[in-house]
Amino acid sequence: MGLNLLALGSSRLPSVIRAAAVQGMVLGVLPLLMETKFHWMVGLVSVGTVVVKGFVIPGLLRRALRAASIDREVEPLLGFIPSLLLGAGATIGAVALGNALPLRPEHANLLLVPGAFATVVSGFLLLMGRAKAIAQVCGYLILENGIYLFGLLLITTTPLVVEAGILLDLTVAVFVIGIIVDRIQREFDTLDTRKLNTLRE
Amino acid sequence: MIPGWLLLVAATGVVVGMFSAFRAPRYWLGALLGGALAALTAAIWILGSGSIWDWRSSFPLGGEPIHLRLDALGAFFLALLAVLGGVGGVYAREYWNDRQHPTSAPWGRIWWNALLLNMALVLLCANGLHFLIAWELFAVSGYFLITLERHRREVRAAGWLYFAASHAGTLCLFAFFASLAARTGSWEFGPLREHPNLAPLFWLALAGFGLKAGLFPLHIWLPSAHASAPSHVSAILSGVAIKMGIYGLMRFTGWLPVPDAAGWVVAVLGVVSAVLGVAFALGQHDLKRLLAYHSVENIGIILIGLGFAMVATAHGNAAWAQLAFAGGLLHVWNHGLFKALLFLGAGSVLHATGTREMSRLGGLWHAMPWTAGLFTLGAVAISGLPPLNGFVSEWLVYLGLFDAMAARGAAAWAVIPAVVLLGVTGALALACFVKVCGIVFLGTPRTESATRAHESGWLMLGPMAVLGTACAAIGLAPVLFWPAVARASAVWQPLWIDAAPPASLVTVGAGHLALATLGALAAVAVWHRVKRNGVSRTVTWDCGYAAPTPRMQYTAGSFSGIITGWFGWILRPQRHWRPLQGLFPRRASFSEHTPETVLEQVVEPAGSVVLRISTAVRRLQHGRLQAYILYLLIGLAALALLTLLGGAR
Amino acid sequence: MKELALILIPLAASGAAFAWPSERTRPWLLPAVGAVHVVLALTLLVTPPPLVPGAWFGFDPLARATLPAVSLLFLVCAAYAVAYLKLRSERRNRVFVAALLAMLGLLSLAMQSQHLGLLWVAAEAATLTTVPLLHFNGTARAFEATWKYLLIGGTGIALSLLGSFCLGYASLHGGGAGDLTFAALAAQGAALTRPWLLAAWVLLLTGYGTKMGLAPMHTWKPDAYGEAPAIVGAVLAGGMTTMAFVAVLRVKQVLDAAGAGEMTSRTLLVLGLFSMIVAALFLLGTPDFKRMLAYSSVEHMGILAVGAALGGAGMAAALFHVWNNSLTKGALFLSAGNLRRAAGGRTVNEVAGMAWRAPMSSRILVVGLLAITACPPFGPFFSELRIVRTALETSHGTAAALFLGCLLLAFFGMTRLVFAIVDGRPRTATRATGDHLRETAGTIVPPLVFLGCSLWLGLATPSLLRETWNVAASLLAPAP
Amino acid sequence: MTIALDMLLRLFVWLLLAPLMPGIVNKVKAWVAGRRGPPVLQLYYDLAKLWRKGVVLSTAVSPVHIAGPAVAWIALLGAAMLLPVGPGGAVMAFRGDALLFVYLLALARFCTAAAALDTGSAFEGMGAAREVSYAILSEAAILTALLTLALQSESVSLSTMLAPAAGAGAALLAAGLFTVLLAENCRVPFDDPNTHLELTMIHEVMVLDHSGPPLAVILHGASLKLLLFAVLLAEAVLPLGKLSALAAVGTLMGSVLVIAVGVGLVESLLARFAFRRVPMFLTTAFLLCLFALLVAWKGGGA
């Protein structure tokens, strides 16, 4: 939770990236904590998650950031305070929603559902509220983290192949996005998406 | 079965013609004429025997077995189609020849055949799905014929307007046939009078077919399209194509039950179209636009007949319904013939002088006497004057209306304005065509191009002569054509099987014959007398004015000035003029233009509103990603709301 | 195991393409694989294999009713691609070919998959493979388009993942054993927990609706179609969207089984009509003929949604329309691509008089336009007419009226634009056509083939296909 | 044989009597003005003279210039043949001949107007324009009158329509038809046959460039038209059908004479209208006929 708010509130890109990275790592570890019996695939998955989300992608983004050699301000379209407030509101709403929806008894006390929803919402807030491409990528990261968090509810039941596939896809997706960000930075010499509106009616 | 073979011959002729359209125009013409002749024979066969040719094939087209059907009503229109298709083709060989139009002439021939083929199919198809296919293909080939001169902007605009309007009509017909199929459970159609739940569909049919027929408020596409198309195309469009709308109306008002108000609505629309059509025509200075507006008028006359016939059948088959219907039906032929004749004449004028602007013409009689004579014949016919065919059909309609009043039936009250307005229409048409003949062919040439006019060749005059003869034939011996009309109307109303010609039809024919001969004799006699007394030539009396110029002749605008003044409320003529000023005035100018009121005052504003909305909506696509994601979320929220509402329900 | 081959052969070929040494001969892989794929798909169409219960993927009636269309589309596009890549020899085609082949494989996987998770994985993967295709031109505009496509599509797909989880949880909470094949979910029926179910539907519809390009989630479409090469546009508009539509149908099937059919139909109907209206309004004004195609695609997605919402005959008509849309759109995209290259411009302000510059392509574009705007005797006319008829039979009079109105507006917009481009007075300003912009058989025949298919589908629909659609429809929307 | 004889007789009567009308009118005008005036048979002399005279043709004209008047004359003659003469009935009476009658008049109008336009003179163009424009209103009036008669007699054949009296609305009908008569024959107050100020004229200005036999034909046609309308008016109003043959003929001739005198009186007592008031006046005529129709409707309905 806190990480979401941090990501929303922080004014500098590196810290946003860091927040996303840390969140990713935590998520990577979570399954290990949840699983009663250790399964090698789970281990593989979580290790992969930690590595990719914790180090590869943040590294990629940092590289793009350096290459862009731009000021590291986030340049919000939606102010920090409003985003914070919205994030907080989302968290509260998420908790309420989590109580409203019928849950399996063993999940009832877990904070997974509210946490997941809160994370998704803050991810959207970042996607919509930030001008810098990198910040949006982080938003996307956080969005997917949230979904993944929710996915943990099913980790006991869903076949691990699917889990792995899903995870793989997400990572590849973010990876590709990172690449595109890199290319855009080269094409446009900026990561300010406000400049990316030549395609319009 | 013989009609089937004839139709097969006709189809092969037309299709084979398509293939020789590029390489060998001569063979194209031959095949076309052969096909037209075969089709005409088939139509006459059906009309003569009153039998019905019905052919089913198990071969499915678009999932529906092919079912063709030709009864007297279809044959009635088919005959007109065959005649105009043939003569138009001959005319096109000279008028739209490969020398002047190297690229568009071959395409013109191909699309011409396509148009004929598809119109014939419209008349033949007895299956809603295939009817729609033929209908739309016919509209498309019409579009490509109208826009043969696609490099000219106004032609493109006119073509698009036509295409848009006809597609709107087609979509109405989509709805019509789809609901017909939805309510009867099959695409097949036939006599379905016993399904009262089909009555409301009439309104869809009226909109769809009315747009094609060009009755008054729906005529917006007609003037520009007919004016900008090549003249032989204008001829067939105005002669047959818009009649397809009439065919549709007659076909389905005959086969399906109609709401009670239907007859009245059709009649009122007819009257309005007739009067306003001719009023707009009077305001035009473009020869072909003027003729186009007269199509609106004549469609109105046809609809008056149809409308009152419907009223009568709605109130227990009053006997007079048949006269009104027969009059309307015969007017389909008549208008087809003389309007085609007039358009071909206008084309010949355009071909000779290069302009359609009447105030640039004049005095063409000396240069092109045959065209002038035939055009005048057509003018007399379209003004509904004896002894030509226009009078016969209008006379039948009149008889129907008079009887309706004498019967003091339900329609009696409505008849009075109808009769009076029909008479006014006739008088207005007369005024209009006196103007056309006078300004275009009589007097002295107003411009250089008019002076250099030349008579067209026999390939253009021949078709006009054929049409003129047909007009005269129907006028002088109407009783010969009565059986066709009677059989066709018997399809519409089965109770009219034994329809003997009204006795007076014979007398009228005799009277016409006498009138024609005596008139000719008198003219010759007076001419001889004049010759004997001796002729001396001089200028037209000019009131002693020193330097009279052709420009001083009465112009089209001034001729119709009085009447356009009366109709100013709807015509809204726009006059731009600089009066003479000062002691030694430099120059003065006067120009007048009658806009297409419905189009410019009603349709275009509506269209601009829609466009404004579209511009506003398109602003939402502004290229900002954040907003796009917001849209996504909004969509999500809306769906959630919808779902929850549903869950609550 | 043909159905597996449908998936594996393209994927393997994509690997091969990646390793293929010669730039010049590599493109020939595309038609080769496409041909094999078509043959397989058609044999499967004729002799459908028995369904293995509980299998994660299989050539079930729905796949049978849609996949061959995509396969056909791909083959013709592949044939075009050979000529196209020869024209664009200045750009490396390694990634392009490989990605195109991979996409085919993943599409066939997604359309065959019977498993919620698997479906999602395939869909996401297919999305990712299109990225290199989109920025093949390598222009700044191309990258911008790709960026938007990626983020919007990614978000959508993420939502559909969330939806899948919700559905999974619904079954879990409903006492399911965690078997996420659609058959199992449907079998669970009313036992699925309602709130999760509804949430799942909303999220999945939004997610896959984004891939379909239903308004208001369509915003990526004009950019992507506008900037990508013609082939990619065609495959996206005919293949990717079809895949997403199939996904929606599969989910709807589960919801219907759970007794939420009325709700799903209503949402689909509203969404479809809304898309048609939005598309029509955009079509009225857009000056760019490649973006026009994108909006037209939005409109046709709306038509599919409406058809599916009507159920029964409407569903069959919608499946029919899938074929018509894919093949007719193909003709439009390819001919538009030719014009784009010949004209060197894309908006009506820059381009005019193409009838003289590229006569064949112009004619194809005009005919294709007539076809897509439901002029008989082409396929779309028949499918759309059937949808209208069904709407009237099921007393959705207003829906039918709106439907026809939107068709009319779209017709106005598209004809205005295309006629202006084709017939308008040629601009002298436009660049003279180089000889590499000449119309070659390779760039003309494929769109002609598409038109032929559209015509053939319309006039002589094979009874086999008809019966396939009906089977699939009866399976998807059992008549109440 | 008898038919032919009868036909010839009629022709003879019509052709012979027609030129009397203008003569009578002019005589009356002269009397009122206190002059002696031209002899009643003046028109006969004129016609004879014109028929022998040579012709001056404009260089602009086409055959229409000659054929027009001739055809118009025939058309008027045909109309006359349709009109029943008291007990004699018409040459050919059939259902709907009333309409043929109206349209024959229209044909005549077409021909004269075309012949006028043929010279390309602005004056004659003006005249033709006025002729065809005002005819619209008068035609509406005539049709309404015919509707009235048809309603009463429940027939569309002149010889049965004109037999009975116009009934209650007779006065209205008479007024209306008389106005139409004045307008159609270009008499005061619509037109002034005497002046030669072209700007004020309709009919005279159309024949400005005609001379010799064609002019003769035109003049005779005009007189024929006047007679035609007079007979129509008389028969429409008076119940000739009820009278014995002799009495009927007598009344008919008498009434036609009365009408001629009436025209003369009007011409000498009224001044010509300004042209912009002409439509109004004609509309009044139309309304009169319409009221007659309504009255007839009431009467018939009751």
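Chains as they are written, first to last, in the working numbering: chain G, 462 to 662; chain F, 35 to 683; chain R, 6 to 485; chain L, 2 to 303.
Using N, Cα and C, we set each Cβ at its ideal position, and we do this for glycine too.
Residue range of the alpha helix (DSSP H) that includes residue i
i: R/Glu129; result: 121 to 139
i: F/Thr572; result: F/Thr572 -> not in any alpha helix (DSSP H); beta strand (DSSP E) instead, spanning 569 to 572.
i: F/His400; result: 398 to 401
i: R/Gln193; result: 187 to 193
Chain-ordered chain R contacts of residue i [CB-CB under 9 Å]
i: F/Tyr579; result: Within chain R, no residue comes near F/Tyr579; the closest Cβ sits about 47 Å away, beyond 9 Å.
i: G/Arg479; result: By Cβ distance, chain R contributes nothing, its closest Cβ being about 21 Å from G/Arg479, past 9 Å.
i: F/Arg653; result: The premise fails here: F/Arg653 is roughly 10 Å from chain R at the closest Cβ pair, so nothing lies under 9 Å.
Within chain F, partners of residue i - CB distance below 9 Å
i: R/Thr215; result: Leu666, Gly669
i: L/Gly242; result: Within 9 Å Cβ-Cβ: nothing; L/Gly242 doesn't reach chain F, min ~18 Å.
i: L/Leu159; result: Ordered by position in chain F, no residue passes the 9 Å Cβ test against L/Leu159, which lies about 12 Å from the chain.
Assumed close pair residue i, residue j - CB separation to whole angstroms, cut-off 8 Å
i: R/Ala336; j: R/Pro467; result: Contact doesn't hold; Cβ gap of about 20 Å is too wide.
i: F/Gly381; j: F/His266; result: 7 Å
i: R/Gly429; j: R/Gly349; result: Contact doesn't hold; Cβ gap of about 15 Å is too wide.
i: F/Ser329; j: F/Ile276; result: 6 Å
i: R/Leu374; j: R/Ala233; result: Wrong, their Cβ atoms sit about 20 Å apart, outside the cutoff.
i: F/Leu493; j: F/Arg190; result: Contact flag wrong, Cβ pair sits at about 29 Å.
Run of the beta strand (DSSP E) containing residue i, from where it starts to where it stops
i: L/Leu58; result: 56 to 59
i: F/Arg90; result: 87 to 95
i: F/Pro99; result: 98 to 104
i: F/Phe624; result: 623 to 627
i: F/His260; result: Not the beta strand (DSSP E): F/His260 falls in the alpha helix (DSSP H), residues 256 to 262.
i: F/Gln608; result: 608 to 612
Other residues of its chain near residue i: CB distance less than 8 Å, five sequence neighbours each side excluded
i: R/His441; result: Caution applies to R/His441, whose pLDDT of 46 falls short of 50 and renders its modelled position unreliable; the model cannot decide the point.
i: R/Gly161; result: Thr211, Gly212, Tyr213, Gly214, Thr215, Lys216, Met222
i: L/Ala275; result: none
Cβ neighbours of residue i in the same chain (closer than 7 Å, five flanking residues each side left out)
i: R/Phe338; result: Ala235, Gly238, Ala239, Ala242, Leu298
i: F/Cys159; result: Leu102, Phe165, Ala168
i: G/Leu613; result: Leu491, Pro492, Met495, Leu573
i: L/Leu118; result: Glu125, Gly126, Ala129
i: R/Pro32; result: Ala86, Val87, Leu90, Asn98, Val102
i: L/Leu174; result: Ala146, Thr149, Ala167, Ala237, Val238, Cys290, Ala293
Contact list for residue i against chain F, beta-carbon separation under 7 Å
i: R/Thr144; result: Ordered by position in chain F, no residue passes the 7 Å Cβ test against R/Thr144, which lies about 15 Å from the chain.
Under 8 Å by beta carbon: chain F residues contacting residue i
i: L/Gly255; result: The contacting residues do not exist; L/Gly255 stays about 31 Å from chain F at best.
i: R/Phe4; result: Coverage of chain R is limited to positions 6 through 485, which leaves residue 4 of chain R absent and any answer about it impossible.
Chain-order list of residues whose beta-carbon lies under 6 Å from that of residue i (same chain, five-residue window excluded)
i: R/Ile392; result: Gly312, Gly319, Ala322
i: F/Gly273; result: Leu118, Gly370, Lys373, Ala374
Chain L contact residues for residue i, given Cβ-Cβ distances below 8 Å
i: F/Met439; result: Leu148, Ala151, Leu152
i: F/Gly460; result: Tyr104, Ala107, Glu140
Closer than 7 Å at the beta carbon, the chain R residues around residue i
i: F/Phe197; result: Thr420
Practice task
Take every Cβ of the segment 626 to 637 of chain G, pair it with every Cβ of the segment 126 to 139 of chain R, and state whether three or more of those distances are shorter than 8 Å.
Solution key: Counting Cβ pairs under 8 Å, three or more are found: they touch.
Handout entry: At least 3 beta-carbon pairs within less than 8 Å: the segment 46 to 57 of chain L vs the segment 211 to 225 of chain L
Key = Yes, the segment 46 to 57 of chain L touches the segment 211 to 225 of chain L.
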